[in-house]
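S.K.:
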Amino acid sequence: MSDEITAHPVAWPPAPIKTARLVLRQSEARDRAALIELAASPEVGTYVGGARPRDELERAMPEVPGRRFGFFVVELDGTTIGVITLDRRDPERKGHIRPEGLEPELGYMFLPQVWGRGYATEACAAALDWFVDAHPGEPVVLSTQTAHEASMSVAAKLGFTEVERFEDYGAEQWLGVCSRAR
Ligand SMILES: CC(C)(COP(=O)(O)OP(=O)(O)OC[C@H]1O[C@@H](n2cnc3c(N)ncnc32)[C@H](O)[C@@H]1OP(=O)(O)O)[C@@H](O)C(=O)NCCC(=O)NCCS
């Protein structure tokens, strides 16, 4: 997270964002177990650096995790099923659309038991709409491994188009960009 994004005069947290099936909202203490589950799941970690040991997570995770600008918890019928992030992309990383980096970047992570039902795409679309209202005209980037077919599919459905491919973390990565209008 950079000062640039937090310094923008946009109220955070926003009122909970409702979609047809989901609610996006700021994290609460009651989300901790689901956030540990996400970070400890080998399936979730397959293309994002692997799972972390559960006992380490239990020790290290704050009582209210994810309390920061752009971090949305996604809820289905009162149950936490995933998270969406809008952070500034680290200039030290490969893959940018401008020399100074710090582009707004979309991230998403859902529990395996809810994959394949369109929830990730539905929630990301709502988060992008919120972002467009807050930062009109600013393109959002997304980076994923090309081998991660489900993630590539989410990116395409959201309207991200390819900027470049590059090697990082020992795998081919894809950088996409999306300029969304309301
Ligand atoms: C990436 C990830 C979020 C994708 O989840 P997902 O459930 O496959 O994605 P979606 O929500 O778009 O659902 C996809 C499928 O739901 C199906 N679906 C079922 N009911 C649907 C509905 N009502 N509406 C829309 N799609 C529906 C679609 O057929 C779609 O498949 P398709 O893309 O082949 O057409 C998930 O794999 C994940 O959390 N992975 C671990 C974390 C990770 O790697 N994140 C990416 C970091 S870059």
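Residues 3 to 184 (my numbering) make up the sequence shown, in order.
Backbone N, C-alpha and C define an ideal beta-carbon position, used for all residues, glycine too.
1) Consider the C-beta atom of W117 and the heavy atoms of ligand 1; say whether any pair is separated by less than 7 Å.
2) Might you give, ordered along the chain, the residues of its own chain that have their beta carbon closer than 8 Å to the beta carbon of L59, omitting 5 neighbours on each side?
3) Should A129 be labelled buried (16 or more other beta-carbon atoms within 10 Å of its own) or exposed?
4) Leaving out five residues on either side along the sequence, give the residues of the same chain with a beta carbon under 6 Å from the beta carbon of A157.
5) Tell me the rounded alpha-carbon separation between M3 and P114.
6) Tell me whether the beta-carbon of F74 lies closer than 8 Å to the beta-carbon of L26.
7) Quick check: is any heavy atom of ligand 1 less than 7 Å from the C-beta of A122?
8) Is the CB-CB distance between V142 and E102 below 8 Å?
9) If you check the beta carbons only, do C126 and L160 fall under 8 Å apart?
M.R.: In brief:
1) Correct: W117 has its Cβ closer than 7 Å to ligand 1.
2) Residues I38, A41 and A42 of the same chain have their beta carbon placed closer than 8 Å to that of L59, with the five preceding and five following residues left out of the count.
3) Buried is the call here.
4) So the list reads L144 and G178, once near-sequence residues are dropped.
5) Note that M3 scores a pLDDT of 44, beneath 50, so its modelled location is shaky; the value from the coordinates is reported in the next line. Those two C-alpha atoms are separated by around 27 Å.
6) The answer is yes: Cβ separation under 8 Å.
7) Inclusion of A122 in the 7 Å shell around ligand 1 follows from its C-beta lying nearer than that to a non-hydrogen atom of the ligand.
8) V142 places its beta carbon 8 Å or farther from that of E102.
9) Result yes, Cβ atoms of C126 and L160 sit closer than 8 Å.
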